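Here the working numbering is used: the first residue of the sequence shown is 270, the next is one more, and so on.
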Amino acid sequence: MSDIGFKGIFQNALLAVLSVALIFITWKLFVVISGYPPYIIAPPEVAIAHIWNNWAEMAPLLRATLYETVVGYVLGSAFGFAIAVLMAQFRAVQRVVYPGLIISQSIPIVAIAAPLALLFGFGMAPKLIVIGLIVFFPVAINVLDGLSSVDRDVLNLARVLGASPWRIFTKVKLPACLGPLFTGLKIGASYAVTGAVIGEWTASSTKGLGTYLLTSKASLNTAAVYGDTLLLTAIGVGSFVFMLVLGIIVTPWQWSATAPKWLQPKIRPTGKED
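If you want it as structure tokens, here you go:
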């Protein structure tokens, strides 16, 4: 792993494990010191035990929420990337669309979810739209910034060398925006599960971890509430870690001096690029 090395990866993983352990220790200490009764706050071992003892019931709910989160996340990310590319390529599109992006983020997502349920019913569509609305904005803004900050001298050099617009995009602009893209993807990954929960609360006729959280709260099942929250947190953290690792794989030049093979131009014997 060249520049980072396995030692650095191991140290980062160890720090992450220690951070998680510190959270659980702090949680346990707060329960003991505060003196709150179990029906107000469940200790971490009780929440974990609830997940273990009720896994047969919670596993399908976890799969349902995870499926909604992944599909909505992919759709929102793709839409955000496409909008950013259009805005970067066409200034007129940016002038028209950019204010709308800002306005869309100024409206509380809970307020949007209710009208979506009226428009599209209580199926999958409104939940996916809610998740997509949360995810697409950080992706779009970061990709737009990445495409807008490409070195002009590099672009001019590519044009002088006769590179086509498509090759300029794939070989110059796209690599330049991959770093910002994964920054947006990591932010979106952290919040996508929030959109899934909001969608299940306001626009869902099917069960998931979000609806389970509501029913557990209504029945004052504290262990279920905290256990469900742990699973939702695991989805968010797991999504972030997955995008972090994927970003390291796809953008190795951020930690290695050697460009990946898929970005290295193939030179013919004549000296021309393929």
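Where is the CB? At the ideal position from N, CA and C, for every residue including glycine.
From a predicted model like this one, the values you see are computed outputs, not experimental measurements.
**Asked** Where does residue 411 sit, in a helix, a strand or coil, going by DSSP?
**Response** helix
**Message:** Output needed for residue 512: all residues of its chain with C-beta closer than 6 Å, excluding positions within five of it in sequence on either side, in chain order.
**Reply:** 454, 455, 458
**Request:** Would you give the residue range spanned by the alpha helix (DSSP H) that residue 375 belongs to?
**Result:** 360-375
**Whole-Å CB distance - residue 472 paired with residue 382, under 8 Å assumed** = 5 Å
**Message:** Tell me the DSSP secondary structure of residue 310 in three-state form.
**Reply:** coil
**Prompt:** Can you tell me the Cα-Cα spacing of residue 346 and residue 400, whole angstroms?
**Reply:** 10 Å
**Of the residues 494, 364, 509, the one placed nearest residue 327, counting alpha carbons only** = 494
**Item:** Span of the alpha helix (DSSP H), counted from its first residue to its last, around residue 435
**Value:** 434-437
**Request:** For residue 260, name the three-state secondary structure that DSSP assigns.
**Result:** Any answer about residue 260 is impossible in this case: the structure gives the chain only from 270 up to 543.
**Straight-line gap, residue 342 to residue 404 (C-alpha atoms, nearest Å)** = 6 Å
**Request:** Check whether the Cβ atoms of residue 334 and residue 477 sit closer than 8 Å, and answer yes or no.
**Result:** yes
**Asked** Does DSSP classify residue 420 as helix, strand or coil?
**Response** coil
**Message:** With a threshold of 8 Å, are at least 3 pairs of Cβ atoms found where one atom belongs to the segment 439-448 and the other to the segment 411-424?
**Reply:** yes
**Asked** Would you call the CB atoms of residue 344 and residue 424 closer than 8 Å?
**Response** no
**Asked** Mapping DSSP to helix, strand and coil, what is residue 463?
**Response** helix
**Asked** Quick one: Cα of residue 546 to Cα of residue 318, how far?
**Response** This structure gives no information on residue 546, because the portion of the chain shown stretches from 270 to 543.
**Request:** State yes or no: is the C-beta of residue 416 within less than 8 Å of the C-beta of residue 440?
**Result:** no
**Message:** In whole angstroms, give me the CA-to-CA distance for residue 272 and residue 323.
**Reply:** Because the pLDDT of residue 272 is 47, which lies under 50, any placement of that residue in the model is unreliable, and the number read from its coordinates should be weighed accordingly. Whole-angstrom Cα-Cα distance: 45 Å.
**Message:** How far does the alpha helix (DSSP H) with residue 486 in it extend, from its first residue to its last?
**Reply:** 478-487
**Request:** Rounded to whole angstroms, what's the CA-CA distance from residue 302 to residue 464? Just pull it up for me.
**Result:** 34 Å
**Message:** Taking its Cβ as the centre, do 16 or more other Cβ atoms sit within 10 Å of residue 288, making it buried, or is it exposed?
**Reply:** exposed
**Prompt:** Ends of the alpha helix (DSSP H) at residue 253?
**Reply:** Within the shown structure, residues of the chain are numbered from 270 to 543, placing residue 253 beyond reach of any answer.
**Message:** Beta-carbon within less than 7 Å of residue 370's beta-carbon, same chain only, minus the 5 sequence neighbours each way: which residues are those?
**Reply:** 406, 409
**Prompt:** Under the three-state reduction of DSSP, which class applies to residue 406: helix, strand or coil?
**Reply:** helix
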